């Protein structure tokens, strides 16, 4: 039995039955990290001794008859933007290379309270900016399916660690595709949740709704298991939803007959898509039709979404990173400096316009999802690109002028405030993963997972393991 390639739900079941010990599970993953991670560079901070001590304590609790949590004995390395008490959190920046928080972020607390065992942190781009994971502290994370390619970002270390069998579950966050793009690049499942589904604390802006946390897994059931402990209300988070997280642990319905599906292969002509990606995705509508769905080509009204996203993103950069620009400008990546300066140039009129436009787009999306149950779209417009690039400068013949231009297929949909699931959808002729984005109405997170589970059962693309690191 190769523990490191078992589903997280199966590992959890075996540990609860005491067919496996937490120490065996953690040891197997630590050994695989030692063997594989030197070439992947996904886990950038590792506490093997602490993880083994925690695993032994977990086994002792179970032996005494304690009720195990849903993640009992599962090792996890947290994204290196999430605060972890006593373990450094660098944000991929030289400014925080030695920063050790004295508190855990809420989602870290929830995951560990459910029985997961912290083994370390996963790599991110500098301040999680962009969808390619490289920084001056740890270097670049490589794609397990092709070590010369990007793993995506900003949750690139998390996605690569999952694909390479270094951990069975991963947490992440998503503003403009930071969960979805790396999931697509690494052939795993990543979910952008409805704002408020997973409360964020501490947060610079408790009312912000553009950045959300979400789960990643090698299967939909694994992602749903992690979501079940991450989700749930918290009074410190004014947008948090009241639904209990444990509702996601129930079996996901898999029948899709009669589902009304909208198919938007280029988001209504708004995004260029690389030919190899387009060819893989062109096969997807027929799969849903075979499952009994009614599929029509249609796209929600996203006019103005690009401006809304860029304004809100720039505001966020100015708010969270503005002090660094004043004190340590030379220590910041030039593109981040430009983003902060864009935020500082915003006027009240800019913010008012973005708020009004986002409201209009939201109302149009509500009407759209009265006609359709889900929307299908590309996750990424390109296949994983060379790891040496900062970003693809041309997509299907169209120039991409900034490091976020090529992410439009993900970030335009962030503006909707809707749950969006990145699903393994197949491979290019070069063997590079391609992802399908399944988007549902706001708050329909469980329904989106159910659609993903049915699609996963019909295709099985996520079962193809990366040969370079097998």
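Numbering (the working numbering), first residue to last: 7 to 476.
We treat Cβ as the ideally placed atom computed from N, Cα and C, and that holds for glycine.
Since the model is a prediction, treat every value here as computed from it, not as a measurement.
Proximal residues to residue i (C-beta, below 8 Å), its chain only, five neighbours per side dropped
i           : result
residue 370 : 306 and 307
residue 352 : 317, 320, 321 and 324
residue 328 : 346, 349 and 350
7 Å CB neighbourhood of residue i in its chain, flanking five on each side removed
i           : result
residue 335 : 343
residue 409 : 136, 341, 396 and 397
residue 108 : 91
residue 310 : 363 and 367
residue 14  : 80, 174, 175, 223, 228 and 231
residue 421 : 311, 314, 315, 364 and 367
residue 94  : 51, 104, 105 and 106
Under 9 Å between C-beta atoms of residue i and residue j
i           : j           : result
residue 149 : residue 385 : no
residue 390 : residue 178 : no
residue 103 : residue 286 : no
residue 189 : residue 236 : no
residue 488 : residue 200 : No information on residue 488 is available, as it lies outside the stretch 7 to 476 that the chain covers here.
residue 76  : residue 234 : yes
residue 449 : residue 472 : no
residue 355 : residue 314 : no
residue 387 : residue 413 : yes
residue 164 : residue 393 : no
residue 378 : residue 266 : yes
residue 57  : residue 129 : no
residue 174 : residue 81  : yes
residue 402 : residue 301 : no
residue 182 : residue 453 : no
residue 34  : residue 10  : yes
residue 243 : residue 216 : no
residue 160 : residue 96  : no
residue 140 : residue 268 : no
Extent of the continuous beta strand (DSSP E) to which residue i belongs
i           : result
residue 52  : 49-52
residue 323 : Here residue 323 belongs to no beta strand (DSSP E); instead the alpha helix (DSSP H) covers 311-334.
residue 126 : 123-128
residue 82  : 81-85
residue 382 : 380-384
residue 281 : Careful: residue 281 lies outside any beta strand (DSSP E), inside the alpha helix (DSSP H) at 281-287.
residue 301 : 300-303
Strand pairing of residue i, partner residues [DSSP]
i           : result
residue 432 : 440
residue 155 : 392
residue 177 : 221
residue 90  : 93
residue 401 : 404
residue 426 : 198 and 445
residue 148 : 156
Any C-beta of chain B under 9 Å from that of residue i
i           : result
residue 216 : Of the protein chains in this structure there is only one, and it is not chain B.
Where the alpha helix (DSSP H) containing residue i begins and where it ends
i           : result
residue 267 : Element bounds for residue 267: not the alpha helix (DSSP H) but the beta strand (DSSP E), 266-269.
residue 465 : 451-465
residue 374 : 354-377
residue 140 : It is not in any alpha helix (DSSP H) - residue 140 carries neither H nor E in the DSSP assignment.
residue 29  : 28-46
residue 163 : 162-169
residue 340 : 340-351
residue 187 : 186-192
residue 417 : 414-420
residue 387 : Segment: none, residue 387 is in no alpha helix (DSSP H) and carries neither H nor E.
Nonlocal neighbours in the same chain, by C-beta distance under 6 Å from residue i, ignoring five residues either side
i           : result
residue 42  : 170 and 475
residue 144 : 50 and 129
residue 272 : 279
residue 239 : 246 and 248
**OP:** Let me know the beta strand (DSSP E) ranges lying completely inside the region 199-250, each 3 residues or longer, listed in chain order.
**Re:** Within the region 199-250, the complete beta strand (DSSP E) runs of at least 3 residues are 218-223.
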